[in-house]
Amino acid sequence: MERRGARSLDELRRDALENLERAAEAARRSPRYHKNAFPYGLPKVNSGLGLFDCIVAPCVEPCAVFQ
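So the sequence shown is numbered by my numbering: it starts at 1 and just counts up by one.
What follows is the structure in structure tokens.
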């Protein structure tokens, strides 16, 4: 509250949208919330893939959209 210059919770709450935008921007800049999408390399195969509707793997539950 001191950093924002608010003397009460009501004063702090008054600029709720501004506070939300400030928190969102801080999260976008924070390395804590950034992750390398493929830390072990891209998940590609060496062989080509033909046209398909779905790939069935034994370790995956049935398709959620019933394809």
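Cβ coordinates follow ideal geometry from the N, Cα and C atoms, glycine included.
TODO: Return the first residue and the last residue of the alpha helix (DSSP H) that R14 is part of.
DONE: L9 to R14
Task: Whole-angstrom C-beta distance between L12 and M1, which should lie under 8 Å - done: 6 Å
- [ ] Less than 8 Å between the CB atoms is what I'm expecting for A24 and Y33, so what's the real figure, rounded?
- [x] That pair is no contact at about 11 Å.
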